[in-house]
Amino acid sequence: MIEILKHKEKRIIIKIYMFYAMLFEKKYHGEKCELRYLLFKKRKTKRLLIIFSSYPGKGQKARYNYVIKFSRLRTSRLYILDNFGPGEKGAYYLGENLDFYIEQDVYQLIESVRADLGVEKKHVVTCGSSKGGYAAIYFEGKYNYGASIAGAPQILLGDYLGIKEHQGIFRFIAGNYDEANREYLNNLLLQAVLAKKSANHISIHVSDQEGMYADHVKPFLSFTEQHDIALFLQLGTYTKHSLVGLYFPSFAIQAFQNFFEE
Numbered sequence: 001m002i003e004i005l006k007h008k009e010k011r012i013i014i015k016i017y018m019f020y021a022m023l024f025e026k027k028y029h030g031e032k033c034e035l036r037y038l039l040f041k042k043r044k045t046k047r048l049l050i051i052f053s054s055y056p057g058k059g060q061k062a063r064y065n066y067v068i069k070f071s072r073l074r075t076s077r078l079y080i081l082d083n084f085g086p087g088e089k090g091a092y093y094l095g096e097n098l099d100f101y102i103e104q105d106v107y108q109l110i111e112s113v114r115a116d117l118g119v120e121k122k123h124v125v126t127c128g129s130s131k132g133g134y135a136a137i138y139f140e141g142k143y144n145y146g147a148s149i150a151g152a153p154q155i156l157l158g159d160y161l162g163i164k165e166h167q168g169i170f171r172f173i174a175g176n177y178d179e180a181n182r183e184y185l186n187n188l189l190l191q192a193v194l195a196k197k198s199a200n201h202i203s204i205h206v207s208d209q210e211g212m213y214a215d216h217v218k219p220f221l222s223f224t225e226q227h228d229i230a231l232f233l234q235l236g237t238y239t240k241h242s243l244v245g246l247y248f249p250s251f252a253i254q255a256f257q258n259f260f261e262e
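Heads up, the sequence shown is in the UniProt record's numbering, so the first residue is 1 and it goes up one at a time.
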């Protein structure tokens, strides 16, 4: 009974905090799309943590993640919502019909915030779980940011979105659902990782008991080893992908702190 009351109390506190946080939601008018975001500034730190949103649950639209969990970190935090695609669930921060206008506007938003705060690129850390984990690794590599922290990311995007229940997002991003586009999406993140000008700094948390490990993270480990790319991996033991949100925050906080202590 006490545990139930504590759980309800925690949920109420979270709802109140998120209501308060949403009062600070802003809109960025990019070249081709409008982005919604939250920005919490700590100018003295000269650090910036970018948090990409995960894939929402059934019947839900995109929402911000880890707003409370990361609130005590000594860093400015930029939360960017991915409310594009079918059902406003997200388009992996990429775009539509292979026109990656969302990605370009997200990059421009990040750079605008980074310049305003006076943060060097090497002190920008990208972060997220599931869909947000994909974006974190992708943006770190392609745009040469300092580090990425990912929870149970979908690495081979073509394979993941090729699953029947996700094919609507596949078609939104790539247009036609075919083998050529599947391979193209599979290679997007891998090419971004190889494109990084400075050393990659990738940290991943995933459970070896859920599908993201065998289907995505394990092949990615082979890829990074083949190309001599350093990767820190923490393995959990839970069985459901949906549980990553319980275990990822503490890992991300520690990984963030470790990066700046090196």
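The beta-carbon is built from N, C-alpha and C at its ideal position, and this holds for glycine as well.
| said: Tell me which residue opens and which closes the beta strand (DSSP E) that threonine 126 is part of. | reply: By one-based count along the sequence shown, residue 126 stands at place 126. Counting along the chain, the unbroken beta strand (DSSP E) around threonine 126 starts and ends at 124–129.
| Given valine 119, which residues of its chain have a CB within under 6 Å of its CB, disregarding the five upstream and five downstream residues? | Taking the first residue of the sequence shown as position 1, residue 119 is located at position 119. Spatial neighbours of valine 119 in its own chain (CB-CB distance under 6 Å, excluding positions within 5 residues in sequence) are listed in chain order as Lys46 and Leu48.
| message | Under DSSP, the alpha helix (DSSP H) around glutamate 34 begins and ends at which residues? | response | Residue 34 sits at position 34 when you count from the first residue of the sequence shown. From DSSP, glutamate 34 is part of no alpha helix (DSSP H) but of the beta strand (DSSP E) over 34–40.
| field | Assumed close pair serine 130, valine 244 - CB separation to whole angstroms, cut-off 8 Å | value | Sequence index remark: in the sequence shown, residue 130 carries index 130 (1-based). Sequence index remark: in the sequence shown, residue 244 carries index 244 (1-based). Beta-carbon to beta-carbon, serine 130 and valine 244 are separated by about 7 Å, close enough to satisfy the 8 Å threshold.
| request: Identify whether serine 112 lies in helix, strand or coil by the three-state DSSP scheme. | output: Looking up residue 112 in the sequence shown gives position 112. Helix.
| task | May I ask you to report which of helix, strand or coil DSSP gives leucine 5? | result | Taking the sequence shown and counting its residues from 1, one reaches residue 5 at position 5. The predicted position of leucine 5 is uncertain, since its pLDDT is 49 and thus under 50; no value can be drawn from it.
| Close beta carbons around glutamate 34, own chain, < 8 Å, minus the five adjacent residues each side | Here residue 34 corresponds to residue number 34 of the sequence shown, with the count starting at 1. Taken in chain order, the residues that qualify are Lys27 and Tyr28.
| field | Close-in-space but distant-in-sequence residues of the same chain around histidine 231 (CB under 6 Å, 5 per side omitted) | value | Your numbering for residue 231 matches position 231 in the sequence shown. First, the residue type needs correcting, since residue 231 is leucine and not histidine in the sequence shown. For leucine 231, where only same-chain residues beyond five positions count, the Cβ hits under 6 Å are Ile202 and Thr224.
| request: Could you check if glutamate 3 is buried or exposed, using at least 16 other CB atoms within 10 Å of its CB as the buried criterion? | output: The residue given as residue 3 occupies position 3 in the sequence shown. Unreliable positioning characterises glutamate 3 in this predicted model, as indicated by a pLDDT of 48, which lies under 50. A coordinate reading is not provided.
| said: Suppose the cutoff is 7 Å on Cβ atoms and the five residues either side in sequence are ignored; what does the same chain contact list for glycine 85 look like? | reply: In the sequence shown, counting from the first residue as 1, residue 85 sits at position 85. Here the set comprises Ala91, Ile169 and Phe172.
| message | Residues in the same chain with beta-carbon distance under 8 Å from aspartate 105, minus the five sequence neighbours each way, listed in chain order, please. | response | Counted from its first residue, the sequence shown places residue 105 at position 105. The answer, listed in chain order, is Tyr28, Gly30, Glu31, Lys32, Cys33 and Leu35.
| query | Tell me which same chain residues have a C-beta within less than 7 Å of the C-beta of leucine 189, skipping the five on either side of it? | reply | Translated into the one-based positions of the sequence shown, residue 189 becomes position 189. Correct list, in chain order: Tyr134, Ile137, Tyr138, Ile155 and Leu157.
| query | Tell me which same chain residues have a C-beta within less than 8 Å of the C-beta of glutamate 25, skipping the five on either side of it? | reply | As a first step, residue 25 must be located in the sequence shown, where it is residue number 25. Hits under 8 Å: Arg36, Tyr37 and Leu38.
| Between serine 112 and glycine 236, what straight-line distance do the alpha-carbon atoms span, to the nearest angstrom? | Translated into positions along the sequence shown, residue 112 becomes position 112. Translated into positions along the sequence shown, residue 236 becomes position 236. Cα-Cα distance, rounded: 36 Å.
| request: Spell out whether any CB of chain D is found under 8 Å from the CB atom of threonine 239. | output: Chain labels in this structure do not include chain D; a single protein chain is all it has.
| said: Do leucine 233 and leucine 246 count as a contact pair if the criterion is CB distance below 8 Å? | reply: Indexing the sequence shown from 1 puts residue 246 at position 246. Indexing the sequence shown from 1 puts residue 233 at position 233. In this structure, leucine 246 keeps its C-beta atom at 8 Å or more from the C-beta atom of leucine 233.
| field | Helix, strand or coil at lysine 27 according to DSSP, with G and I counted as helix | value | The sequence position of residue 27 within the sequence shown is 27, counting from 1. DSSP places lysine 27 in strand when its eight states are reduced to three.
| field | Reduced DSSP secondary structure (H/G/I, E/B, other) of glutamate 179 | value | Sequence index remark: in the sequence shown, residue 179 carries index 179 (1-based). Correct three-state label for glutamate 179: helix.
| field | For histidine 227 and leucine 194, believed in contact at Cβ under 8 Å, the rounded distance | value | Position 194 of the sequence shown holds residue 194. Position 227 of the sequence shown holds residue 227. About 7 Å separates the Cβ atoms of leucine 194 and histidine 227, confirming a contact at the 8 Å cut-off.
| message | Residues in the same chain with beta-carbon distance under 6 Å from leucine 78, minus the five sequence neighbours each way, listed in chain order, please. | response | Within the sequence shown, the letter at position 78 stands for residue 78. Leu39, Ile50 and Val113.
| Should lysine 46 be listed as close to the ligand SAH, given that the test is whether its C-beta is under 7 Å from any heavy atom? | Ligands are entirely absent from the displayed structure, and the ligand SAH is therefore not among its contents.
| query | Which residues in the same chain have their Cβ closer than 8 Å to the Cβ of proline 56, if we skip the five residues on either side of it in sequence? | reply | As a first step, residue 56 is located in the sequence shown; it is residue number 56 there, counting from the start. Correct list, in chain order: Ala62, Arg63, Lys89 and Gly90.
| query | To the nearest angstrom, how far is it from the Cα of glycine 146 to the Cα of cysteine 127? | reply | Mapped onto the sequence shown, residue 146 falls at position 146. Mapped onto the sequence shown, residue 127 falls at position 127. Taking the straight line from one Cα to the other gives about 11 Å.
| request: Decide if threonine 239 is buried, meaning its Cβ has at least 16 other Cβ atoms within 10 Å, or exposed. | output: As a first step, residue 239 is located in the sequence shown; it is residue number 239 there, counting from the start. Flag for threonine 239 reads exposed.
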